[in-house]
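Using UniProt numbering, the first residue of the sequence shown is number 1, and each one after it goes up by one. Ideal Cβ positions, reconstructed from N, Cα and C, are used throughout, including at glycine. A quick note: this is a predicted structure, and the numbers were derived from the prediction, not measured.
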Amino acid sequence: MLISSTIKEFRLLKRDLHGVAVLFIMPILFMLIMSAALSSNNELNNKSEIILLGENNNLNKNLLDLLNKEKIKIKFVLLEELNNYREKLQHGKFDLLIINENTDNTTLNEDKNLQLWLNPSIDRAWLLGVKGILQKHYSQLRINTYLNKNHIILEGNKRKQIKEIQNKVNKQLDEKFNQINLYLKNETLQEFYINRQGSEVNKPNSVQHSVPAWLIFGMFFIMIPLSNVMAMERQTNTITRLRIARASSFSLIMAKLIPYFL
């Protein structure tokens, strides 16, 4: 009886083309839409540009280039236009203004803090990511500028021996400074993702994190073709005839579940 009922369910489902389409196409379409919506959830993108305000100098140009390489949407504007962009920030046209009043010639002890002017509705997680990248690259640029100006000049360096000592010391300083620069460019943290079996896996994205919940939600699409089949059985009195034939309720329930789980 169970086998016959299962075959009957397959035949009914085969005739319900709309139900089959909903059963397979809708969950797939739902997964694709959610995947596209969350595919960039971990990326540092934002709907509006970041505005970097400051003087037209090498420090700001290099900072702008480094942030662009991080795929952050940012534009440089002269500091004289601060009031104009402040009004735009108030009206929600921008989420973040970065004000840098320092130049290449500003010493480290005179270095002024970078000012971040924010829209109150800004995404805090996105802001933390931007602040981390900004602090890393800005610190690297400032230290590089400081190290490049730290060659020694000895008095009487026109003499050959003093000149050789000066060059030797400066060469050693350059080697140490290069090591510092390489260290600053390297990533300090290295991530490893371990699954329950103890194996290393690739970083899961937001889509993979949500798959179990989507699968549970996708099971609700089974109700549409199942309800169509039950409506057809009610119209043809199929359930009544099966009860007269003394078919068990367990067999009827299992016969309906098996096709959809397969």
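TODO: Can you say whether Phe94 is buried or exposed, counting buried as having 16 or more other CB atoms within 10 angstroms of its CB?
DONE: buried
> From Ile7 to Ser121, what does the alpha carbon distance come to, in whole angstroms?
Replying inline: 57 Å
Task: Whole-angstrom distance between Phe220 and Pro27, CA atom to CA atom - done: As the crow flies, the alpha-carbon of Pro27 is around 9 Å from that of Phe220.
Reference Asn60; option with closest CA among Asn100, Ile33 and Tyr193: Taking the Cα of Asn60 as reference, the smallest distance to any Cα among Asn100, Ile33 and Tyr193 is reached at Asn100.
Reduced DSSP category for Ile122 - H, G, I as helix; E, B as strand; rest coil:
coil
Beta carbon of Asp111, beta carbon of Arg142: below 8 Å? For Asp111 and Arg142, yes; Cβs fall inside 8 Å.
Three-pair Cβ contact test at 8 Å for the region 60-79 versus the region 127-135: Touching, per the Cβ criterion.
* Provide the residue span of the beta strand (DSSP E) that contains Leu96, from first to last. => Leu96 to Asn100
Pair within 8 Å by beta-carbon distance, Leu52 and Leu63: Cβ distance < 8 Å, so Leu52 and Leu63 count as in contact.
(Q) Give me, in chain order, the residues of the same chain whose beta-carbon lies closer than 7 Å to that of Tyr138; leave out the 5 immediate sequence neighbours on both sides. (A) Here Tyr138 has Leu63 and Leu114 as same chain residues with Cβ atoms under 7 Å from its own Cβ, once five neighbours each way along the sequence are excluded.
Run through DSSP, which three-state label would Lys136 get? helix
DSSP on residue 263, reduced to helix/strand/coil? The requested residue 263 does not occur in the structure, where the chain is confined to residues 1 to 262.
### Message
At a threshold of 7 Å, does Phe177 count as lining the ligand COA (C-beta to nearest heavy atom)?
### Response
Among the components of this structure there are no ligands whatsoever, and the ligand COA is therefore not found.
- Message: Please return the same chain residues whose Cβ sits closer than 8 Å to the Cβ of Leu108, not counting the five positions on each side in sequence.
- Response: In the same chain as Leu108, and ignoring 5 residues on each side of it, the C-beta atoms closer than 8 Å to its own belong to Arg142 and Tyr146, in chain order.
**Request:** Reducing DSSP to helix, strand and coil, say where Gly129 ends up.
**Result:** Note: Gly129 maps to helix in three-state DSSP.
**Prompt:** Short check: CB of Leu118 to CB of Leu96, under 8 Å?
**Reply:** In this structure, the beta-carbon distance from Leu118 to Leu96 falls below 8 Å.
>> Taking a contact to mean a Cβ-Cβ separation below 8 Å, would you say Asp104 touches Asn57 in this structure?
In response: yes
Return the CA-CA distance between Ile98 and Gln140, expressed in angstroms with no decimal places. 17 Å
Phe24 versus Leu127 - alpha carbon distance: 40 Å
task = Return yes when the Cβ of Ile74 is within less than 8 Å of the Cβ of Ile50, no when it is not.
result = yes
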